[in-house]
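Peer 1: Here you go, one structure.
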């Protein structure tokens, strides 16, 4: 059973930075597309950033130029570097991976941006 475990969430001030990490197990991670979703209170879960098997990245318009998704396949880990944080980035962030028509999700990590 594949698993994803996030870490690195917490409280940041507007304009600050946080880095999320997601460790995979029992998934051939290098062959999986992966990335990050988020869900704010009262809103639908949305894709924040993704990175494909070839390294192609995609971002939500709201985070372009501020967030960077990257992966270290040797460590089965995907990262989300979040800079210039805004209050509207406050949400639960979920790590996601998909391979062989199966989706995997982490348990979520809270990110709160507030002064």
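In the numbering used here, the protein residues as written are 17 to 131. The C-beta atom is built at its ideal place from N, Cα and C for all residues, glycine as well.
Around the C-beta of residue 129, are 16 or more other C-beta atoms found within 10 angstroms, so that it is buried, or is it exposed?
Peer 2: Residue 129 comes out buried.
Peer 1: At a cut-off of 7 Å, is residue 127 close to the ligand NAP when judged by its beta-carbon and the heavy atoms of the ligand?
Peer 2: Absence of the ligand NAP is noted for the structure shown, with no ligands found whatsoever.
Peer 1: Using beta-carbon positions only, say whether residue 100 and residue 31 come within less than 8 Å of one another.
Peer 2: Their beta carbons are under 8 Å apart, which means residue 100 touches residue 31 by this criterion.
Peer 1: Please determine if the stretch 114 to 125 and the stretch 81 to 96 are in contact, where contact requires at least 3 C-beta pairs separated by less than 8 Å.
Peer 2: Output reads no: the stretch 81 to 96 does not touch the stretch 114 to 125.
Peer 1: Applying the criterion that 16 or more other CB atoms from any shown protein chain within 10 Å of the CB defines a buried residue, is residue 90 buried or exposed?
Peer 2: Exposed is the call here.
Peer 1: At what residues does the beta strand (DSSP E) containing residue 45 begin and finish?
Peer 2: It is not in any beta strand (DSSP E) - residue 45 carries neither H nor E in the DSSP assignment.
Peer 1: Look up residue 107 in the DSSP assignment and say whether it is helix, strand or coil.
Peer 2: If DSSP states are grouped into helix, strand and coil, residue 107 belongs with the strands.
Peer 1: Could you give the first and the last residue of the continuous beta strand (DSSP E) run that contains residue 65?
Peer 2: Note, residue 65: beta strand (DSSP E), 62 to 67.
Peer 1: My assumption, with CB atoms under 8 Å, is that residue 63 sits in contact with residue 76. Please give the rounded CB distance.
Peer 2: Indeed, because the Cβ distance is near 6 Å, the residues count as touching under 8 Å.
Peer 1: Can you tell me the Cα-Cα spacing of residue 29 and residue 93, whole angstroms?
Peer 2: Residue 29 and residue 93: Cα-Cα distance of roughly 26 Å.
Peer 1: Is the beta carbon of residue 56 sitting closer than 8 Å to the one on residue 125?
Peer 2: No, they are not a contact pair.
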